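Comments concern the structure below.
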Amino acid sequence: MVGLGPKHPPSRKGSMHDVPQDLLQHVKEFETVFTVDRAKLKSIVDRFIVELEAGLAADGANIPMNVTWVMDFPDGNEQGTFLALDMGGTNLRVCEITLTKQKGGFDITQSKYKMPEELKTGTADELWNYIADCLEQFLHTHHEGENLHSLPLGFTFSYPAQQDYIDHGILQRWTKGFDIDGVEGHDVVPPLEAVLKKRGLPIKVAALINDTTGTLIASAYTDTAVKIGAIFGTGVNAAYMDNVGSIPKIAHLGLPADMPIAINCEYGAFDNERKVLPFSKYDEIIDRDSPRPGQQAFEKMTAGLYLGEIFRLALLDLHDSNPGLIFGKQDISKLRKSYLLDASFLAAIEEDPFENLSETADLLEKELGICATLAELEMIRRLAELIGTRAARISACGIAAICKKKQMQTCHVGADGSVFTKYPHFKVRGAQALREILDWAPQDKDKVEILAAEDGSGVGAALIAALTLKRVKAGNLAGIRNVDTMNTLL
Ligand code: BGC
1 MVGLGPKHPP
11 SRKGSMHDVP
21 QDLLQHVKEF
31 ETVFTVDRAK
41 LKSIVDRFIV
51 ELEAGLAADG
61 ANIPMNVTWV
71 MDFPDGNEQG
81 TFLALDMGGT
91 NLRVCEITLT
101 KQKGGFDITQ
111 SKYKMPEELK
121 TGTADELWNY
131 IADCLEQFLH
141 THHEGENLHS
151 LPLGFTFSYP
161 AQQDYIDHGI
171 LQRWTKGFDI
181 DGVEGHDVVP
191 PLEAVLKKRG
201 LPIKVAALIN
211 DTTGTLIASA
221 YTDTAVKIGA
231 IFGTGVNAAY
241 MDNVGSIPKI
251 AHLGLPADMP
261 IAINCEYGAF
271 DNERKVLPFS
281 KYDEIIDRDS
291 PRPGQQAFEK
301 MTAGLYLGEI
311 FRLALLDLHD
321 SNPGLIFGKQ
331 DISKLRKSYL
341 LDASFLAAIE
351 EDPFENLSET
361 ADLLEKELGI
371 CATLAELEMI
381 RRLAELIGTR
391 AARISACGIA
401 AICKKKQMQT
411 CHVGADGSVF
421 TKYPHFKVRG
431 AQALREILDW
441 APQDKDKVEI
451 LAAEDGSGVG
461 AALIAALTLK
471 RVKAGNLAGI
481 RNVDTMNTLL
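Residue numbers (the working numbering): 1 to 490.
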């Protein structure tokens, strides 16, 4: 490399120059554990398609394939003002979105509220009241003194919910470390509406939305080649547009077979039966110690919530199983703390541009109180690469499975989530895995492209609320529960 100053030193990606033989042997073991070759990727995808089909065939399958009652892509002429509430894992975001007269145009005002950690394992009442507090504060800040008529709300609730209607959703199970009593198995819309009513807030739920469906619709709004919306973040999942005729579990409703309908796959649950994914002993520990053992197997291998923990467990195992091999006699008690490291720790290691891995060294000292030798740093860098690469390659299997199932040779995928947007090399590694799975010729450009999405949980939620009201107006009431409420919003 020529002309690179000290700020851009050459990367020493994968370099193992300084690693002595005994440590190198363990690095090789990690390579065996975390490497997923092309044949394995293909067998994961084959099994994935079987599970996607099973979810469409009947309720209660491993991958739920939830029908969302989102039945159209926007045409760019949607209009109106909508509230969007995004209950993500870390923040709660409230947006007001005005879809303007200009085709495809919108204005957005938004506020973010930190989701207190204790809320995730608190009570249902605390959750609904916290959400109402945020909405109340938002209206207070942006509409003080105004006499507001009913505002339609798109509620982005990014957990698996079975939807018999678009304004309804029974939480199937909490994911992403949430564990709030008394919500699973219940419709989440009525308790939210009750708390809004109690406070006299002029807000009505027009649609309950998954972040993947919002991402699909928001991305398709600006790019008609988008056929899949995916999240690679704290959790993982995707949504795509299917047609009623391919969904045997709703055949009894007698809807036209060619009617489009978006499916929220909830494929974080892929392979809960453990038939094909290459589980390591670290994956087993994560599952065992999670609030929901046996669930979200695919998510626990690929999502941001778990990457740092997989890394911590592997490093700790190496230390404890080989006394004296790494970190000398240093106190490693911090490394024993579960979930101390998140995916950004791994990302920072993979991004360290310095030949001597000095940023990694600083990070280890700061976060773990450990002084590492260059050999140890090289091993750590390789371990981070292996875990990040495994996550990207396995993540690609879900997208490939949808494409193969729908026989889509080419398409765009609108993608969002912290791992997709922030984890170094995730996109390139995922694209390489798609190439291997889908057998593109070396000279072919990527036929399935995973691209940064539009704001699914904000704009996507507003668009879905708008599409729902448009449907009510046109008299297409399939999948609408509360027609009277919807009419008040028209
Ligand atoms: C949830 C999905 C969500 C995904 C990404 C998963 O844990 O079950 O509903 O789409 O995370 O946020």
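All C-beta atoms in this analysis are idealised placements derived from N, C-alpha and C, irrespective of residue type, glycine included. All figures in this text were calculated on a predicted structure; none of them were measured in a lab.
Assigned secondary structure, residue i (DSSP; H/G/I helix, E/B strand, else coil)
i	result
Ala314	helix
Arg47	helix
Ile286	helix
Leu490	coil
Pro496	Because the chain in this structure spans residues 1 to 490, residue 496 falls outside the shown range and cannot be described.
Pro15	According to the sequence provided, residue 15 is Ser. The question's Pro does not apply to it. DSSP places Ser15 in coil when its eight states are reduced to three.
Thr68	coil
Arg491	Residue 491 is absent from the structure shown; the chain starts at 1 and stops at 490.
Met1	Per-residue confidence for Met1 stands at a pLDDT of 31, beneath the threshold of 50, marking its modelled position as unreliable; the derived number appears in the next sentence. Met1: coil per DSSP, three-state reduction.
Arg38	helix
Leu148	coil
Ile492	Absent from the structure is residue 492, since the part of the chain shown begins at 1 and ends at 490.
Leu171	strand
Gly209	Strictly speaking, residue 209 in this sequence is Ile, with Gly absent from that position. Residue state, collapsed to three classes: strand.
Asp484	helix
Glu193	helix
Ala465	helix
Leu58	The amino acid occupying residue 58 in the given sequence is Ala; Leu does not appear at that position. Coil at Ala58, not helix or strand.
Ala478	coil
Pro9	Low per-residue confidence applies at Pro9: pLDDT is 40, beneath 50, and the placement is therefore not dependable, though the value from the model is reported in the following sentence. DSSP places Pro9 in coil when its eight states are reduced to three.
Supposed close pair residue i, residue j - CB separation, criterion 8 Å
i	j	result
Gly458	Cys95	4 Å
Asn66	Ile263	7 Å
Gln163	Gln172	10 Å between Cβ atoms; not a contact.
Phe138	Leu192	Rounded, the Cβ-Cβ distance is 15 Å, inconsistent with contact.
Ile166	Phe73	Contact doesn't hold; Cβ gap of about 15 Å is too wide.
Ala384	Ala372	Going by Cβ atoms, the distance from Ala384 to Ala372 rounds to 13 Å, so no, they are not a contact pair.
Leu23	Met379	6 Å
Pro202	Leu151	6 Å
Asp446	Ala431	6 Å
Gly214	Gly417	Gly214 to Gly417, Cβ: 12 Å. No contact.
Asn91	Met115	6 Å
Residue i - containing alpha helix (DSSP H), residue span
i	result
Ile131	Ala124 to His143
Thr32	Gln21 to Phe34
Leu201	Element bounds for Leu201: n/a, residue is neither H nor E.
Range of the contiguous beta strand (DSSP E) that encloses residue i
i	result
Leu151	Leu151 to Phe157
Phe82	Gly80 to Met87
Ala453	Counting along the chain, Ala453 falls outside any beta strand (DSSP E), and DSSP gives it neither H nor E.
Glu96	Asn91 to Leu99
9 Å Cβ cutoff, residue i in contact with chain D
i	result
Phe232	In the structure shown, chain D cannot be found, because there is only a single protein chain.
request  = State whether the stretch 59 to 77 contacts the stretch 412 to 431, with contact taken as three or more CB pairs (one from each stretch) at a distance under 8 Å.
outcome  = no
query = Where are the alpha helix (DSSP H) runs, 4 residues long or more, that stay fully inside the stretch 388 to 443, in chain order?
reply = Complete alpha helix (DSSP H) runs here, min 4: 418 to 422 and 426 to 438.
request  = Could you name each continuous alpha helix (DSSP H) segment of 4 residues or more that falls completely within the stretch 221 to 305, going from the start of the chain to the end?
outcome  = 281 to 288 and 297 to 302
task = Entirely within the stretch 316 to 381 and at least 4 residues each: give me those alpha helix (DSSP H) ranges in chain order.
result = 343 to 351 and 358 to 368
ask   = Are the stretch 448 to 466 and the stretch 81 to 100 in contact at 8 Å, needing three or more beta carbon pairs?
value = Contact holds: three or more Cβ-Cβ distances are below 8 Å.
query = Would the stretch 285 to 299 and the stretch 262 to 275 be scored as touching if the rule is three or more Cβ pairs under 8 Å?
reply = yes
ask   = So does the stretch 216 to 233 actually touch the stretch 407 to 426, counting three or more Cβ pairs closer than 8 Å?
value = Touching, yes.
query = Touching or not, the stretch 311 to 320 and the stretch 338 to 347, by the rule of three or more beta carbon pairs under 8 Å?
reply = yes
ask   = Do the stretch 38 to 57 and the stretch 391 to 402 make contact, defined as three or more Cβ pairs closer than 8 Å?
value = yes
query = If you pair each beta-carbon of the stretch 241 to 253 with each one of the stretch 16 to 35, do three or more pairs fall below 8 Å?
reply = no
task = Mind the definition here: the stretch 315 to 326 touches the stretch 399 to 409 only if three or more C-beta pairs lie below 8 Å; say whether that holds.
result = no
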